[in-house]
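J.: Have a look at this one.
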Amino acid sequence: MKVGYLGPEGTFSEEACKLYSKKVPGKLDLYPYATFHDLLVAVDKGKLAEAILPIENSIEGTIGLVSDMLVKDVNLLIKQEMVLPIYQYLIAPKGTQLSNVTDVMSHPQPLGQCTDFLRKHLPKAKLHLAYSTSDAAMKVAASLGGGGGSHGRVEGAVFAAIGNKSAAQYYGLKILANKINAKDNKTRFVVLAKKDSKRTGKDKTSIVFSIRRDRPGGLHDVLAVFAVRNINLTKIESRPSKKALGDYYFFADMEGHRNDKAIAEALSEIKQKTSFMKLLGSYRKA
Numbered sequence: 001m002k003v004g005y006l007g008p009e010g011t012f013s014e015e016a017c018k019l020y021s022k023k024v025p026g027k028l029d030l031y032p033y034a035t036f037h038d039l040l041v042a043v044d045k046g047k048l049a050e051a052i053l054p055i056e057n058s059i060e061g062t063i064g065l066v067s068d069m070l071v072k073d074v075n076l077l078i079k080q081e082m083v084l085p086i087y088q089y090l091i092a093p094k095g096t097q098l099s100n101v102t103d104v105m106s107h108p109q110p111l112g113q114c115t116d117f118l119r120k121h122l123p124k125a126k127l128h129l130a131y132s133t134s135d136a137a138m139k140v141a142a143s144l145g146g147g148g149g150s151h152g153r154v155e156g157a158v159f160a161a162i163g164n165k166s167a168a169q170y171y172g173l174k175i176l177a178n179k180i181n182a183k184d185n186k187t188r189f190v191v192l193a194k195k196d197s198k199r200t201g202k203d204k205t206s207i208v209f210s211i212r213r214d215r216p217g218g219l220h221d222v223l224a225v226f227a228v229r230n231i232n233l234t235k236i237e238s239r240p241s242k243k244a245l246g247d248y249y250f251f252a253d254m255e256g257h258r259n260d261k262a263i264a265e266a267l268s269e270i271k272q273k274t275s276f277m278k279l280l281g282s283y284r285k286a
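Reading the sequence shown from the start, the letters are residues 1 to 286 in the UniProt record's numbering.
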């Protein structure tokens, strides 16, 4: 089975893939993709059977691009979730010293997760964005300590990357600092496919909806549908619809499966109370 993940090799997404492969029968062929967009479109068009990617971090919150694409750009469902503890490392070419680092590169999420460390130990370092932690490690390794940035070599700069141990080992880099991210840092990964999962009795269901118009009590009317049925919402979050200022989509996760009687009744009623509702999947909770 062809399964894609955010690459290149050495990312946390690849770690999630390896964990997932131990839980499913058969052999998985893993394919790294450079961007979330390309990865999701590949599954939507049938080039991949599934994709594994991060959707939420306990420190930095929801990964907006993934949520936004699930609403409008692809028709995919969550079939499983996994929660992984995340440990970030500052890594650089061998011979580099922490005190010499002038530039740090990583994905935006890890840079945010490591803000306290960077402020304390590298307050003057310039920050550079990469497609993934592994992409950052690959570019830093290619610089051979000579200052390889997102636009090539930078004269006089000493680059380090933020990533995991796998990236350091894969690209032959040295660990300058261990576990530099905030405590209790966890990332929720999801498996996306054309179909979600059967009922297990320990499930979650995810949806997205928008209310008919901006009015007092509009969101309350929707949430009351869950409350009267004693359905526990584990998450609710709003994101701009990008149609107009003040227009939002609401993402909600709830305990239970879409085939449970209470959940099925609630979703049916919500369709009538909202201008838009989309099922994002039912799956066994992590």
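No residue lacks a Cβ here, since even glycine has one placed at the ideal position from N, Cα and C. Source: prediction; values computed, not measured.
1. Run the CB neighbour count on Lys204, radius 10 Å, all protein chains shown included, and call it buried at 16 or more, exposed below.
2. Ignoring anything shorter than 3 residues, give me the beta strand (DSSP E) runs that lie fully in the region 97-142, in order along the chain.
3. What residues match up with Met82 in a beta bridge as DSSP calls it?
4. Between the Cα of Thr187 and those of Leu173, Val3, Cys17 and Val83, spot the shortest distance and give me the residue it belongs to.
5. Kindly indicate which three-state DSSP category His151 falls into: helix, strand or coil?
6. Find out if the Cβ-Cβ distance for the pair Val101, Leu127 is shorter than 8 Å.
7. Can you grab the Cα-Cα spacing for the pair Lys139 / Asn230, in whole Å?
8. From this set, Ile59, Gly26 and Phe250, which residue's C-alpha is nearest Glu237's C-alpha?
9. For Ala141, I'd like the list of residues in its chain whose CB is within less than 7 Å of its CB, leaving aside the five on either flank, ordered along the chain.
10. Going by DSSP, name the residue or residues bridged to Asp203.
11. Taking DSSP as the reference, what is the three-state secondary structure of Met254?
12. Indicate whether Gly10 and Ser134 have their beta-carbon atoms separated by less than 8 Å.
13. Under the assumption that Ala51 contacts Leu192 (Cβ atoms under 8 Å), give the Cβ distance between them as a whole number of angstroms.
14. Using the three-state DSSP reduction, which class does Glu50 fall into: helix, strand or coil?
15. Am I right that Ala177 and Ala136 are in contact with their C-beta atoms under 8 Å? What's the rounded C-beta distance?
16. With the cut-off set at 8 Å, would you say Ala264 and Leu233 are in Cβ contact?
17. Look up Asp68 in the DSSP assignment and say whether it is helix, strand or coil.
18. For Pro54 and Ser21, which I take to be in contact (beta-carbon distance under 8 Å), what is that distance rounded to the nearest angstrom?
T.: This is what the structure holds:
1. buried
2. 103-106 and 126-129
3. Phe189
4. Val83
5. Because the pLDDT of His151 is 43, which lies under 50, any placement of that residue in the model is unreliable, and the number read from its coordinates should be weighed accordingly. In the structure shown, His151 sits in coil (DSSP, three-state: anything other than H, G, I, E or B).
6. no
7. 51 Å
8. Phe250
9. Pro93, Tyr171, Gly172 and Leu173
10. Arg284
11. strand
12. yes
13. 5 Å
14. strand
15. With 8 Å as the limit, Ala177 and Ala136 do not qualify as a contact, their Cβ atoms being about 15 Å apart.
16. no
17. helix
18. No, Pro54 and Ser21 are not in contact; Cβ-Cβ is about 17 Å, not under 8 Å.
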